[in-house]
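Below you'll find the structure, written out as structure tokens, and then a few comments.
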Amino acid sequence: KPVKELTENQAATEAADLRPQLIAWGRAYYDADAPSVEDDVYDRVYARLVALETAFPNIVTPESPTQHVGGTTRGDLPKVNHDIPMLSLGDVFSIDELKEFDARLRENVDEADRDFDYNCELKIDGLAINLHYENGKFVQGSTRGNGRIGEDITANLETLPSIPKVLTRPLTIDVRGECYMPKQAFLDLNERREAEGKSPFANPRNAAAGSLRQLDVAVTRDRKLATFMYNIADYDPLDTRTQSGLLDELAELGFSTNPTYQVAHDMDDVQAYIDTYTGKRSDLAYGIDGIVIKANPLPLQRELGATVKVPRWAIAYKFPPEEVQTVVRDIEWT
Ligand SMILES: NC(=O)c1c(N)nc(OC2CCCC2)nc1O[C@@H]1CCC[C@@H]1O
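With positions in the sequence shown counted from 1, the corresponding number in the numbering used here is that position plus 332.
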């Protein structure tokens, strides 16, 4: 039933049913790198809980998954504190919802800044990482974890050719992005695992997570992991003042960035970008599960800030999950 037709009691009851399910699913997703449900099922149930709690704020409980950035860390790897939290993203599942996001966001921006551009980026289906540099030298790498505390995977990340050891400028910065396993590397790995009598990874994201969160660095080294970096914890040390310019500057510093980003002046441009990459999705060498649109001016991002777990200035438009079938279809079953 639509949320607005519910009484607060009905909403509270439905929300109380959804929370334990999401918590159980969330734990499987983050701790075992083996989700027990497809992402889109988790995302839809989570979106329903958010809708119920948004309509009836009194029903929110402290342990509700909406009050915590998903994910806990794994016992054996050392912990790393993220001074500036690593956020996740709000999700929408239709162009209409995307347009609602755009309209609401522009209402919350001062008249003078209201006609800002978006930057459109592919949503890489990998594992979010943080790379810490001191005076331009790579000193620590970590997973997002629950957003505030992640795991130290420095030694693992040092084996990735795409991660610069030394930057082109002696900056002290925290750069964030996605570590992913290319589709072909995923298929080859699963064929090898089946030949060795091991269980295959369900999808490239689980394979990347399982390959990265390793105590044995040699395992990571031969897994052909790659990265696309897309964010910085504090942009003051850089020259650029836009998201699109940030991606250019990260590339100049030596990072691997995804070249498909595009500035959009309005939602028609965003729709065109979504249509283009919905068509190209199965041809890409890496998995994507949607599109991310972000307010392009960095000062506006800072001004809008974030809620407990997601930025107000960005949203993820999620594709329906056809990717998994494509990858499975390509595997030789003979
Ligand atoms: N997966 C991605 O390709 C991606 C992206 N292109 N851009 C962002 O922007 C961040 C910046 C602040 C909050 C979201 N996040 C991404 O993925 C996030 C990381 C953690 C959860 C999402 O997967």
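Ideal Cβ positions, reconstructed from N, Cα and C, are used throughout, including at glycine.
For clarity, every value in this text was computed on a predicted model and none was experimentally measured.
For residue i, name the three-state secondary structure that DSSP assigns.
i, result
"residue 655", "For residue 655, the predicted model reports a pLDDT of 47, less than 50, meaning its position is unreliable and no value from the coordinates is stated."
"residue 482", "strand"
"residue 475", "strand"
"residue 391", "helix"
"residue 508", "strand"
"residue 618", "coil"
"residue 568", "coil"
"residue 692", "The chain is shown from 333 up to 666; residue 692 falls before or after that span and cannot be answered."
"residue 606", "helix"
"residue 633", "helix"
"residue 409", "coil"
"residue 514", "coil"
"residue 333", "coil"
"residue 599", "helix"
"residue 419", "coil"
"residue 466", "strand"
"residue 563", "strand"
"residue 402", "Caution is warranted here: a pLDDT of 46 is assigned to residue 402, below 50, making its placement in the model unreliable, and the coordinate value is therefore given only provisionally. Residue 402 falls in the coil class under three-state DSSP."
"residue 431", "helix"
Around the C-beta of residue i, are 16 or more other C-beta atoms found within 10 angstroms, so that it is buried, or is it exposed?
i, result
"residue 376", "exposed"
"residue 333", "exposed"
"residue 547", "exposed"
"residue 457", "buried"
"residue 497", "exposed"
"residue 531", "exposed"
"residue 337", "exposed"
"residue 676", "Residue 676 lies beyond the range of the chain shown here (333 to 666); nothing can be said about it."
"residue 612", "exposed"
"residue 426", "exposed"
"residue 424", "buried"
"residue 432", "exposed"
"residue 399", "exposed"
"residue 381", "buried"
"residue 623", "buried"
"residue 550", "exposed"
Comparing C-alpha positions only, which one of the options sits nearest to residue i?
i, options, result
"residue 486", "419, 410 and 535", "410"
"residue 499", "414, 518 and 570", "570"
"residue 668", "608, 593, 613 and 607", "For the chain, the structure presents residues 333 to 666; residue 668 sits outside this window and is missing."
"residue 630", "649, 582, 568 and 583", "568"
"residue 441", "641, 636, 642 and 649", "636"
"residue 490", "416, 572 and 465", "465"
"residue 648", "606, 414, 413 and 615", "606"
"residue 475", "339, 413 and 574", "413"
"residue 578", "591, 562, 523 and 353", "562"
Are the beta-carbon atoms belonging to residue i and residue j less than 8 Å from one another?
i, j, result
"residue 505", "residue 564", "yes"
"residue 627", "residue 448", "yes"
"residue 508", "residue 460", "yes"
"residue 543", "residue 525", "no"
"residue 559", "residue 588", "yes"
"residue 418", "residue 488", "no"
"residue 387", "residue 435", "no"
"residue 650", "residue 420", "no"
"residue 397", "residue 351", "yes"
Closer than 8 Å is the cut-off here; do at least three beta carbon pairs connect the segment 500 to 516 with the segment 610 to 620?
yes
When you compare the segment 598 to 611 with the segment 444 to 461, are there three or more beta-carbon pairs, one atom per stretch, that lie closer than 8 Å?
yes
Does the count of Cβ pairs from the segment 387 to 395 and the segment 343 to 359 closer than 8 Å reach three?
yes
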